[in-house]
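Residue numbers (our numbering): 141 to 449.
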(Lines of atoms letter the chains of each structure in order from A and count residues from 1; the text may use other names and numbers.)
(Lines give C-alpha, C1' and ligand atoms only; values in the text may rest on other atoms or scores of the structure.)
Protein backbone atom coordinates (compact mmCIF):
# COMPACT_ATOMS: atom_id res chain seq x y z
CA UNK A 1 0.00 0.00 0.00
CA UNK A 2 1.17 3.49 -0.72
CA UNK A 3 2.83 5.04 2.33
CA UNK A 4 1.31 8.42 1.54
CA UNK A 5 -2.26 7.50 0.62
CA UNK A 6 -4.91 7.14 3.28
CA UNK A 7 -7.08 4.23 2.07
CA UNK A 8 -10.06 5.55 4.02
CA UNK A 9 -9.72 8.97 2.37
CA UNK A 10 -10.03 10.69 5.74
CA UNK A 11 -7.05 12.98 5.16
CA UNK A 12 -7.94 16.64 5.46
CA UNK A 13 -7.15 18.59 2.30
CA UNK A 14 -6.77 21.81 4.28
CA UNK A 15 -3.35 20.98 5.83
CA UNK A 16 -2.18 19.56 2.51
CA UNK A 17 -3.18 22.74 0.72
CA UNK A 18 -1.58 24.89 3.42
CA UNK A 19 1.62 22.88 3.26
CA UNK A 20 1.87 23.14 -0.49
CA UNK A 21 0.85 26.78 -0.60
CA UNK A 22 3.44 27.67 2.05
CA UNK A 23 6.29 25.97 0.23
CA UNK A 24 4.83 25.99 -3.23
CA UNK A 25 5.60 29.49 -4.40
CA UNK A 26 8.09 27.98 -6.83
CA UNK A 27 5.80 25.23 -8.10
CA UNK A 28 5.36 25.15 -11.86
CA UNK A 29 2.97 23.12 -13.95
CA UNK A 30 2.53 22.15 -17.56
CA UNK A 31 -0.37 20.43 -19.30
CA UNK A 32 -0.60 17.87 -22.06
CA UNK A 33 -3.44 17.79 -24.59
CA UNK A 34 -4.13 15.64 -27.62
CA UNK A 35 -5.45 16.90 -30.98
CA UNK A 36 -9.21 16.34 -31.41
CA UNK A 37 -10.71 13.91 -33.91
CA UNK A 38 -14.24 15.33 -34.08
CA UNK A 39 -16.00 18.68 -33.82
CA UNK A 40 -17.34 17.73 -30.39
CA UNK A 41 -13.85 16.80 -29.19
CA UNK A 42 -12.57 20.09 -30.60
CA UNK A 43 -15.08 21.97 -28.45
CA UNK A 44 -14.07 19.98 -25.36
CA UNK A 45 -10.38 20.60 -26.00
CA UNK A 46 -10.75 24.36 -26.28
CA UNK A 47 -13.00 24.56 -23.27
CA UNK A 48 -10.26 22.74 -21.34
CA UNK A 49 -7.48 24.95 -22.68
CA UNK A 50 -9.38 28.11 -21.74
CA UNK A 51 -10.22 26.70 -18.30
CA UNK A 52 -6.60 25.83 -17.50
CA UNK A 53 -4.89 28.80 -19.14
CA UNK A 54 -5.43 31.11 -16.09
CA UNK A 55 -3.26 28.74 -14.02
CA UNK A 56 -0.35 30.13 -16.06
CA UNK A 57 1.38 26.88 -17.05
CA UNK A 58 5.01 26.94 -18.12
CA UNK A 59 3.92 25.35 -21.38
CA UNK A 60 1.25 23.13 -22.87
CA UNK A 61 2.21 20.15 -25.01
CA UNK A 62 0.24 18.66 -27.89
CA UNK A 63 0.71 14.97 -28.63
CA UNK A 64 1.53 13.16 -31.84
CA UNK A 65 -0.43 9.96 -32.52
CA UNK A 66 1.14 6.52 -33.00
CA UNK A 67 2.72 6.26 -36.42
CA UNK A 68 2.39 10.02 -36.88
CA UNK A 69 -1.36 9.52 -37.30
CA UNK A 70 -2.29 12.96 -35.92
CA UNK A 71 0.46 14.95 -37.63
CA UNK A 72 -1.74 17.54 -39.33
CA UNK A 73 -4.15 17.83 -36.40
CA UNK A 74 -1.22 18.35 -34.04
CA UNK A 75 0.09 21.15 -36.25
CA UNK A 76 -3.30 22.84 -36.44
CA UNK A 77 -3.81 22.67 -32.69
CA UNK A 78 -0.36 24.09 -31.95
CA UNK A 79 -0.89 26.92 -34.44
CA UNK A 80 -4.26 27.80 -32.91
CA UNK A 81 -2.75 27.89 -29.42
CA UNK A 82 -0.16 30.33 -30.71
CA UNK A 83 -2.72 32.47 -32.49
CA UNK A 84 -5.49 32.57 -29.90
CA UNK A 85 -3.89 32.25 -26.45
CA UNK A 86 -0.95 33.53 -24.42
CA UNK A 87 0.21 29.96 -23.80
CA UNK A 88 3.54 28.56 -24.94
CA UNK A 89 2.95 25.37 -26.92
CA UNK A 90 5.39 22.46 -27.00
CA UNK A 91 4.78 20.38 -30.09
CA UNK A 92 5.36 16.64 -29.91
CA UNK A 93 7.39 15.30 -32.82
CA UNK A 94 8.34 11.71 -33.66
CA UNK A 95 10.53 9.83 -36.12
CA UNK A 96 7.83 7.42 -37.24
CA UNK A 97 6.88 6.99 -40.89
CA UNK A 98 8.67 10.08 -42.17
CA UNK A 99 11.94 10.80 -43.95
CA UNK A 100 14.57 13.08 -42.48
CA UNK A 101 13.65 15.71 -45.05
CA UNK A 102 9.97 15.55 -44.10
CA UNK A 103 10.76 15.86 -40.40
CA UNK A 104 13.14 18.75 -41.03
CA UNK A 105 10.40 20.53 -42.96
CA UNK A 106 8.06 20.18 -39.98
CA UNK A 107 10.73 21.53 -37.62
CA UNK A 108 11.35 24.56 -39.84
CA UNK A 109 7.60 25.18 -40.13
CA UNK A 110 7.28 25.19 -36.34
CA UNK A 111 10.14 27.67 -36.03
CA UNK A 112 8.62 29.95 -38.65
CA UNK A 113 5.26 29.78 -36.84
CA UNK A 114 6.86 30.90 -33.56
CA UNK A 115 7.12 27.57 -31.76
CA UNK A 116 10.24 27.39 -29.60
CA UNK A 117 9.73 24.14 -27.69
CA UNK A 118 9.53 20.61 -29.13
CA UNK A 119 9.01 17.32 -27.30
CA UNK A 120 11.24 14.89 -29.24
CA UNK A 121 10.08 11.28 -29.13
CA UNK A 122 10.99 8.18 -31.05
CA UNK A 123 7.31 7.37 -31.43
CA UNK A 124 5.28 4.19 -31.66
CA UNK A 125 4.32 2.03 -34.64
CA UNK A 126 0.95 2.86 -36.26
CA UNK A 127 -0.83 0.28 -34.12
CA UNK A 128 0.76 1.60 -30.97
CA UNK A 129 2.17 -1.85 -30.27
CA UNK A 130 4.73 -4.18 -31.78
CA UNK A 131 8.37 -3.58 -32.67
CA UNK A 132 9.52 -0.19 -33.82
CA UNK A 133 11.16 -0.26 -37.24
CA UNK A 134 12.72 3.03 -38.35
CA UNK A 135 12.73 4.03 -41.99
CA UNK A 136 16.07 3.79 -43.76
CA UNK A 137 15.76 7.42 -44.81
CA UNK A 138 14.40 8.60 -41.46
CA UNK A 139 15.81 9.52 -38.07
CA UNK A 140 16.44 6.33 -36.16
CA UNK A 141 15.62 7.47 -32.64
CA UNK A 142 14.90 10.44 -30.37
CA UNK A 143 18.61 11.20 -29.99
CA UNK A 144 19.01 11.76 -33.72
CA UNK A 145 15.76 13.74 -33.76
CA UNK A 146 16.95 15.96 -30.90
CA UNK A 147 20.20 16.70 -32.74
CA UNK A 148 18.24 17.59 -35.89
CA UNK A 149 15.94 19.95 -33.99
CA UNK A 150 18.87 21.77 -32.39
CA UNK A 151 20.66 21.98 -35.72
CA UNK A 152 17.68 23.69 -37.36
CA UNK A 153 16.74 26.12 -34.58
CA UNK A 154 17.52 27.08 -31.01
CA UNK A 155 14.53 25.16 -29.65
CA UNK A 156 14.05 23.98 -26.11
CA UNK A 157 13.90 20.20 -26.46
CA UNK A 158 12.14 17.94 -23.98
CA UNK A 159 12.36 14.17 -24.17
CA UNK A 160 10.46 11.29 -22.60
CA UNK A 161 11.81 9.27 -19.68
CA UNK A 162 10.52 6.08 -18.08
CA UNK A 163 11.03 5.84 -14.30
CA UNK A 164 10.24 2.12 -14.48
CA UNK A 165 12.35 1.50 -17.62
CA UNK A 166 11.24 1.74 -21.22
CA UNK A 167 9.22 -1.37 -22.10
CA UNK A 168 11.63 -2.22 -24.94
CA UNK A 169 14.80 -1.47 -23.00
CA UNK A 170 16.99 -4.29 -21.65
CA UNK A 171 17.80 -2.41 -18.43
CA UNK A 172 17.64 0.86 -16.56
CA UNK A 173 21.38 1.27 -17.20
CA UNK A 174 20.66 1.16 -20.93
CA UNK A 175 17.95 3.81 -20.49
CA UNK A 176 20.41 6.04 -18.66
CA UNK A 177 22.95 5.70 -21.48
CA UNK A 178 20.25 6.71 -23.98
CA UNK A 179 19.25 9.67 -21.82
CA UNK A 180 22.88 10.79 -21.66
CA UNK A 181 23.01 10.71 -25.46
CA UNK A 182 19.86 12.81 -25.67
CA UNK A 183 21.35 15.37 -23.30
CA UNK A 184 24.56 15.46 -25.33
CA UNK A 185 22.39 16.07 -28.41
CA UNK A 186 20.74 19.08 -26.77
CA UNK A 187 17.82 17.90 -24.61
CA UNK A 188 17.31 19.94 -21.45
CA UNK A 189 14.16 18.43 -19.90
CA UNK A 190 12.90 14.90 -19.32
CA UNK A 191 9.14 14.43 -18.92
CA UNK A 192 8.29 11.16 -17.26
CA UNK A 193 5.77 8.49 -18.06
CA UNK A 194 2.98 8.37 -15.47
CA UNK A 195 3.46 6.49 -12.19
CA UNK A 196 1.64 6.30 -8.86
CA UNK A 197 4.23 5.97 -6.10
CA UNK A 198 6.53 8.91 -5.25
CA UNK A 199 9.41 6.49 -4.69
CA UNK A 200 9.19 5.36 -8.32
CA UNK A 201 10.13 8.81 -9.62
CA UNK A 202 12.54 9.61 -6.79
CA UNK A 203 14.57 6.42 -7.37
CA UNK A 204 14.86 7.31 -11.03
CA UNK A 205 15.86 10.89 -10.22
CA UNK A 206 18.60 9.56 -7.93
CA UNK A 207 19.82 7.15 -10.60
CA UNK A 208 20.06 9.96 -13.15
CA UNK A 209 22.02 12.12 -10.70
CA UNK A 210 24.29 9.23 -9.71
CA UNK A 211 25.05 8.66 -13.39
CA UNK A 212 26.21 12.28 -13.66
CA UNK A 213 23.47 13.24 -16.13
CA UNK A 214 22.44 16.88 -15.85
CA UNK A 215 18.87 17.39 -17.00
CA UNK A 216 15.70 18.76 -15.44
CA UNK A 217 13.26 15.96 -14.69
CA UNK A 218 9.52 16.62 -14.56
CA UNK A 219 7.13 13.96 -13.24
CA UNK A 220 4.14 13.11 -15.41
CA UNK A 221 0.94 13.05 -13.34
CA UNK A 222 -2.09 11.12 -14.59
CA UNK A 223 -5.35 11.80 -12.69
CA UNK A 224 -7.25 8.51 -12.87
CA UNK A 225 -10.98 8.53 -13.53
CA UNK A 226 -11.29 5.51 -15.83
CA UNK A 227 -9.51 2.59 -14.23
CA UNK A 228 -10.15 0.21 -17.11
CA UNK A 229 -8.65 2.72 -19.51
CA UNK A 230 -5.69 3.17 -17.19
CA UNK A 231 -5.01 -0.56 -17.26
CA UNK A 232 -4.83 -0.48 -21.06
CA UNK A 233 -2.45 2.49 -21.08
CA UNK A 234 -0.30 1.00 -18.34
CA UNK A 235 -0.03 -2.31 -20.20
CA UNK A 236 1.27 -0.52 -23.31
CA UNK A 237 4.06 1.25 -21.42
CA UNK A 238 4.51 -1.35 -18.64
CA UNK A 239 3.80 1.14 -15.88
CA UNK A 240 3.04 -0.51 -12.56
CA UNK A 241 -0.42 -0.06 -11.06
CA UNK A 242 -0.21 -0.61 -7.29
CA UNK A 243 -2.73 -2.93 -5.67
CA UNK A 244 -4.04 -0.17 -3.43
CA UNK A 245 -5.08 1.85 -6.46
CA UNK A 246 -7.09 -1.02 -7.88
CA UNK A 247 -8.77 -1.51 -4.52
CA UNK A 248 -9.78 2.16 -4.39
CA UNK A 249 -11.55 1.97 -7.75
CA UNK A 250 -12.99 -1.51 -7.35
CA UNK A 251 -16.75 -1.58 -7.88
CA UNK A 252 -16.99 2.05 -9.06
CA UNK A 253 -17.44 1.52 -12.79
CA UNK A 254 -20.88 3.16 -12.65
CA UNK A 255 -20.00 5.86 -10.12
CA UNK A 256 -18.23 8.62 -12.05
CA UNK A 257 -18.51 11.24 -9.30
CA UNK A 258 -16.77 9.10 -6.70
CA UNK A 259 -14.06 8.20 -9.21
CA UNK A 260 -13.39 11.92 -9.71
CA UNK A 261 -13.06 12.48 -5.98
CA UNK A 262 -10.67 9.57 -5.68
CA UNK A 263 -8.66 10.77 -8.67
CA UNK A 264 -8.16 14.18 -7.06
CA UNK A 265 -7.10 12.68 -3.74
CA UNK A 266 -4.63 10.26 -5.35
CA UNK A 267 -3.04 12.93 -7.55
CA UNK A 268 -2.78 15.48 -4.73
CA UNK A 269 -1.10 13.03 -2.38
CA UNK A 270 1.30 11.95 -5.11
CA UNK A 271 2.26 15.57 -5.74
CA UNK A 272 2.59 16.17 -2.00
CA UNK A 273 4.97 13.22 -1.65
CA UNK A 274 7.10 14.53 -4.50
CA UNK A 275 7.03 18.13 -3.28
CA UNK A 276 8.37 17.01 0.10
CA UNK A 277 11.42 15.69 -1.75
CA UNK A 278 12.09 18.91 -3.59
CA UNK A 279 10.09 18.40 -6.80
CA UNK A 280 8.76 21.73 -8.04
CA UNK A 281 7.57 20.98 -11.59
CA UNK A 282 4.58 18.82 -12.49
CA UNK A 283 3.36 17.81 -15.96
CA UNK A 284 -0.30 16.82 -16.05
CA UNK A 285 -1.75 14.43 -18.61
CA UNK A 286 -5.12 16.13 -18.89
CA UNK A 287 -6.77 13.78 -21.41
CA UNK A 288 -8.37 17.03 -22.63
CA UNK A 289 -10.40 17.37 -19.44
CA UNK A 290 -9.91 20.41 -17.25
CA UNK A 291 -12.01 19.94 -14.13
CA UNK A 292 -9.75 17.59 -12.15
CA UNK A 293 -6.52 19.25 -13.15
CA UNK A 294 -7.86 22.70 -12.28
CA UNK A 295 -8.93 21.48 -8.82
CA UNK A 296 -5.57 19.79 -8.23
CA UNK A 297 -3.79 22.95 -9.30
CA UNK A 298 -5.74 24.98 -6.75
CA UNK A 299 -4.78 22.59 -3.97
CA UNK A 300 -1.15 22.91 -5.07
CA UNK A 301 -1.47 26.64 -4.43
CA UNK A 302 -1.86 27.84 -8.01
CA UNK A 303 -4.06 30.89 -8.39
CA UNK A 304 -5.91 31.84 -11.53
CA UNK A 305 -4.29 34.82 -13.22
CA UNK A 306 -6.16 37.55 -15.10
CA UNK A 307 -6.92 36.67 -18.69
CA UNK A 308 -4.36 37.75 -21.27
CA UNK A 309 -5.24 39.30 -24.56
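Just so you know, even glycine gets a beta-carbon here, dropped at the ideal spot from N, CA and C.
When only Cα atoms are considered, residue 278 and residue 397 end up about 46 Å apart.
With a minimum length of 4 residues, the unbroken runs of alpha helix (DSSP H) contained wholly in the stretch 265 to 337 fall at 282 to 292 and 312 to 325. Per DSSP, the beta bridge partners of residue 360 are 334 and 423. Cα atoms of residue 372 and residue 436: separation of roughly 24 Å, rounded to the nearest angstrom. Distance from the Cα of residue 234 is smallest, within the candidate group 254, 212, 166 and 430, for 212.
Between residue 377 and residue 321, the C-beta spacing is not below 7 Å.
Residue 349 carries a helical assignment under DSSP once its states are collapsed to helix, strand and coil. For residue 293, the closest of 230, 223 and 256 by C-alpha to C-alpha distance is 256.
DSSP places residue 435 within a helical segment (H, G or I) once states are collapsed to three. 225 is the residue among 225, 219 and 216 whose C-alpha sits nearest the C-alpha of residue 188. Relative to the Cα of residue 440, the nearest Cα in the group 428, 429, 430 and 415 belongs to 415. Closest by C-alpha distance to residue 418, out of 288, 350, 194 and 338, is 338. Taken through DSSP and simplified to helix, strand or coil, residue 344 comes out as helix.
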